[in-house]
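The next block holds one structure in the form of structure tokens; read it before the comments.
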Amino acid sequence: MGPIERSFASHRKSGRIDRRRFLRRLGATSALGGAAVLGGHEVLHGAGLLAHAQAQEDSGGQGGHGNNGHLGGTVGQVDNARNGFDPHEILTDFDGGEVSKDSSGRTVREYEFVTIDKEIEVAPGVFFPAWTYNGRVPGPTIRATEGDRLRVKLVNASAHPHTIHFHGFHSASVDGIPGAGEALPGESFTYDFIAEPFGTHLYHCHSLPLVQHIHRGLYGAFIVDPKQGRPEAHEMVMVMNGFDTNFDGENEVYALNTVAFAYSKKPIEINAGELQRAHVINVTEFDPLNSIHIHANFFNLYRTGTSLEPDEFTDTISMGQAERHMIEFTYDQPGHFIFHAHVTEFIDLGWLSAFEVV
Ligand SMILES: [Cu+2]
Numbered sequence: 002m003g004p005i006e007r008s009f010a011s012h013r014k015s016g017r018i019d020r021r022r023f024l025r026r027l028g029a030t031s032a033l034g035g036a037a038v039l040g041g042h043e044v045l046h047g048a049g050l051l052a053h054a055q056a057q058e059d060s061g062g063q064g065g066h067g068n069n070g071h072l073g074g075t076v077g078q079v080d081n082a083r084n085g086f087d088p089h090e091i092l093t094d095f096d097g098g099e100v101s102k103d104s105s106g107r108t109v110r111e112y113e114f115v116t117i118d119k120e121i122e123v124a125p126g127v128f129f130p131a132w133t134y135n136g137r138v139p140g141p142t143i144r145a146t147e148g149d150r151l152r153v154k155l156v157n158a159s160a161h162p163h164t165i166h167f168h169g170f171h172s173a174s175v176d177g178i179p180g181a182g183e184a185l186p187g188e189s190f191t192y193d194f195i196a197e198p199f200g201t202h203l204y205h206c207h208s209l210p211l212v213q214h215i216h217r218g219l220y221g222a223f224i225v226d227p228k229q230g231r232p233e234a235h236e237m238v239m240v241m242n243g244f245d246t247n248f249d250g251e252n253e254v255y256a257l258n259t260v261a262f263a264y265s266k267k268p269i270e271i272n273a274g275e276l277q278r279a280h281v282i283n284v285t286e287f288d289p290l291n292s293i294h295i296h297a298n299f300f301n302l303y304r305t306g307t308s309l310e311p312d313e314f315t316d317t318i319s320m321g322q323a324e325r326h327m328i329e330f331t332y333d334q335p336g337h338f339i340f341h342a343h344v345t346e347f348i349d350l351g352w353l354s355a356f357e358v359v
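The sequence shown begins at 2 in my numbering and counts up one residue at a time.
Here it is, written out as structure tokens:
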């Protein structure tokens with residue numbers, strides 16, 4: 002048994018109610034029409050997560066809603082309008098900011114990020130008290146070209162101090178840590194730096210306690226394109242995240258871009274023969290690893306997106322927290338192809354997705 006397995010094993014023996022039983026109990030509660038108050042923090046009502054998957058297991062694994070009912074899922078729909086964001090839009094809404102040129106002719110991209118405390122629905126009927134950049138989790142996907150100047154203004158409209166810490170090169174004064182770029186409630190701070198090196202990066206809050214500030218939802222993708230560009234492709238951002246909805250130090254819900262099963266209930270439509278490029282970023286707290294595996298295909302892996310040539314050709318990659326990679330693949334034939342975490346427990350808890358290749 003390696004250190005990671007040992008860590009999982011000791012975690013499970015800790016005497017807490019494990020998260021599967023938690024969700025099954027929750028399903029049973031909601032089936033009786035009740036509402037659950039958990040940990041003094043959360044009101045969860047109508048939750049069918051896992052209970053549905055379990056019911057299907059019990060009935061021989063058949064039945065189902067959507068395209069992958071036999072693999073589990075949730076009953077009902079998350080209200081994207083109430084959340085204020087749609088995972089299907091987050092996939093491709095690259096934000097180039099407010100663009101201008103400085104006196105030297107350099108491209109300047111300006112952004113305003115407002116931190117807002119907001120309850121979001123991460124699975125049907127399962128709510129999480131998030132801290133957000135601009136009301137969404139993950140935050141806006143910043144997209145720049147290597148050498149562009151970024152000016153990102155953080156406006157803190159929440160109840161806690163926050164920062165934006167960018168992975169990439171910048172001066173110490175804009176590192177986005179307490180003492181160097183932290184905005185107290187009601188205050189603001191502007192991070193001004195050059196976007197480099199090129200790659201698939203991330204940003205996140207770095208106020209203390211760090212686990213709280215990241216896990217609550219203060220993170221997002223930061224994509225820096227190489228000056229010479231890359232081949233034409235359909236690009237997507239996939240942030241692997243998890244939510245500890247009862248604040249017991251374990252995630253109860255896993256997802257790509259926040260909403261459990263969003264892309265298995267409504268698969269991502271892609272074209273056969275078209276190059277797909279996904280920027281995959283792991284921000285999952287409380288678990289040492291997350292992973293991605295695509296079915297019936299392999300991908301070219303560009304580690305951290307910092308190279309023009311692939312590092313590896315594979316179908317599964319495991320990632321520690323803040324690790325991120327660019328993957329490229331093409332489906333030649335139409336069909337329904339799932340992709341998911343290969344930390345398989347996460348599948349049942351929401352990290353199951355699918356492509357509909359047309
Ligand atoms: Cu914060």
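Each residue gets a CB set at the ideal place from its N, CA and C atoms; glycine is no exception.
As the structure is a prediction and not an experimental result, all values here were calculated from the model.
Where do the N-terminal and C-terminal ends of the beta strand (DSSP E) with residue i fall, by residue?
i, result
"ALA124", "108 to 124"
"ARG144", "142 to 146"
"ILE271", "269 to 271"
"LYS102", "99 to 102"
"ASN291", "291 to 295"
"ILE282", "277 to 283"
"LEU203", "200 to 205"
Rounded to a whole number of angstroms, what is the C-alpha to C-alpha distance between residue i and residue j?
i, j, result
"PHE190", "PHE299", "43 Å"
"VAL225", "GLY274", "26 Å"
"PHE194", "GLU233", "28 Å"
"VAL284", "HIS216", "8 Å"
"HIS294", "TRP352", "11 Å"
"HIS42", "VAL115", "Confidence at HIS42 is low in this model, with a pLDDT of 30, below 50, so its placement is unreliable and the value that follows should be read with caution. Distance between the alpha carbons of HIS42 and VAL115 is about 24 Å."
"ARG26", "ILE121", "With a pLDDT of 44 at ARG26, under the threshold of 50, the modelled position of that residue is not reliable, and the figure given next carries that caveat. For ARG26 and ILE121, the distance between alpha carbons rounds to 22 Å."
"VAL344", "SER104", "50 Å"
"ASN247", "HIS214", "16 Å"
"LEU302", "GLU310", "9 Å"
"ASP288", "VAL358", "32 Å"
"GLN229", "VAL100", "19 Å"
"LEU290", "TRP132", "23 Å"
"LEU350", "THR75", "9 Å"
"ASN84", "TYR220", "17 Å"
"TYR134", "PHE314", "35 Å"
"LEU209", "LYS267", "37 Å"
"GLU286", "GLU253", "11 Å"
"PHE86", "VAL138", "8 Å"
"VAL109", "ARG152", "7 Å"
"ASP249", "LEU257", "21 Å"
"GLN78", "GLY243", "18 Å"
"GLY336", "GLU111", "41 Å"
"GLY218", "ASN81", "16 Å"
"PHE1", "ASP316", "Residue 1 lies beyond the residue range present for the chain, which begins at 2 and ends at 359; the question has no answer from this structure."
"PRO227", "ILE117", "32 Å"
Can you name the start and end residues of the alpha helix (DSSP H) that residue i belongs to?
i, result
"LYS154", "LYS154 -> not in any alpha helix (DSSP H); beta strand (DSSP E) instead, spanning 150 to 157."
"ASP349", "346 to 349"
"LEU211", "211 to 216"
"SER265", "263 to 266"
"GLU90", "88 to 91"
"ALA82", "81 to 84"
Out of the options, which one is the CA nearest neighbour of residue i?
i, options, result
"PRO198", "GLU346, ILE215 and PHE167", "PHE167"
"VAL174", "ALA82, TYR332 and TYR192", "Note that residue 174 is Ser in the sequence shown, not Val. Comparing Cα positions, the closest option is TYR192."
"SER240", "MET327, GLY169, ILE178 and SER172", "Strictly speaking, residue 240 in this sequence is Val, with Ser absent from that position. Comparing Cα positions, the closest option is MET327."
"GLU329", "THR75, ILE91 and ILE318", "ILE318"
"LYS102", "GLY187, ARG150 and GLY218", "ARG150"
"ILE282", "GLY200, PRO268, THR75 and HIS235", "GLY200"
"GLY187", "LEU203, PRO210 and LEU155", "LEU155"
"GLY306", "ASP80, GLY106, PHE347 and GLU147", "GLU147"
"ASN272", "GLN334, ASN84 and HIS202", "GLN334"
"GLU270", "GLY77, GLU90, ASN81 and THR75", "GLU90"
"ASN157", "GLU113, PRO268, THR315 and ASP249", "GLU113"
"GLY321", "PHE244, SER292, ASP245 and ARG152", "SER292"
"HIS296", "ARG325, THR331 and ARG110", "THR331"
"ASP245", "GLY169, VAL123 and SER308", "VAL123"
"ALA196", "GLY169, ALA323 and GLY218", "GLY169"
"PRO88", "SER308, PHE340 and VAL238", "VAL238"
For ligand 3, is there any heavy atom lying closer than 6 Å to the beta carbon of residue i?
i, result
"SER189", "What this structure holds is ligand 1, not ligand 3."
According to the Cβ coordinates, are residue i and residue j closer than 7 Å?
i, j, result
"ALA355", "SER265", "yes"
"ALA222", "HIS171", "no"
"ARG304", "GLU236", "no"
"HIS207", "ILE178", "yes"
"GLY119", "GLY106", "Strictly speaking, residue 119 in this sequence is Lys, with Gly absent from that position. No. Outside cutoff."
"PHE347", "TYR255", "yes"
"LEU203", "ARG325", "yes"
Taking 8 Å as the threshold, find out whether the segment 152 to 162 comes into contact with the segment 178 to 185 through three or more Cβ pairs. Yes: at least three Cβ pairs fall under 8 Å.
Is the segment 141 to 152 touching the segment 89 to 100, taking contact as three or more C-beta pairs under 8 Å? A contact is defined here as three or more CB-CB pairs under 8 Å, and the segment 141 to 152 meets this definition with respect to the segment 89 to 100.
Quick one: any contact between the segment 116 to 136 and the segment 248 to 261, if contact means 3 or more CB pairs under 8 Å? Because the criterion of three Cβ pairs below 8 Å is met, the segment 116 to 136 and the segment 248 to 261 touch.
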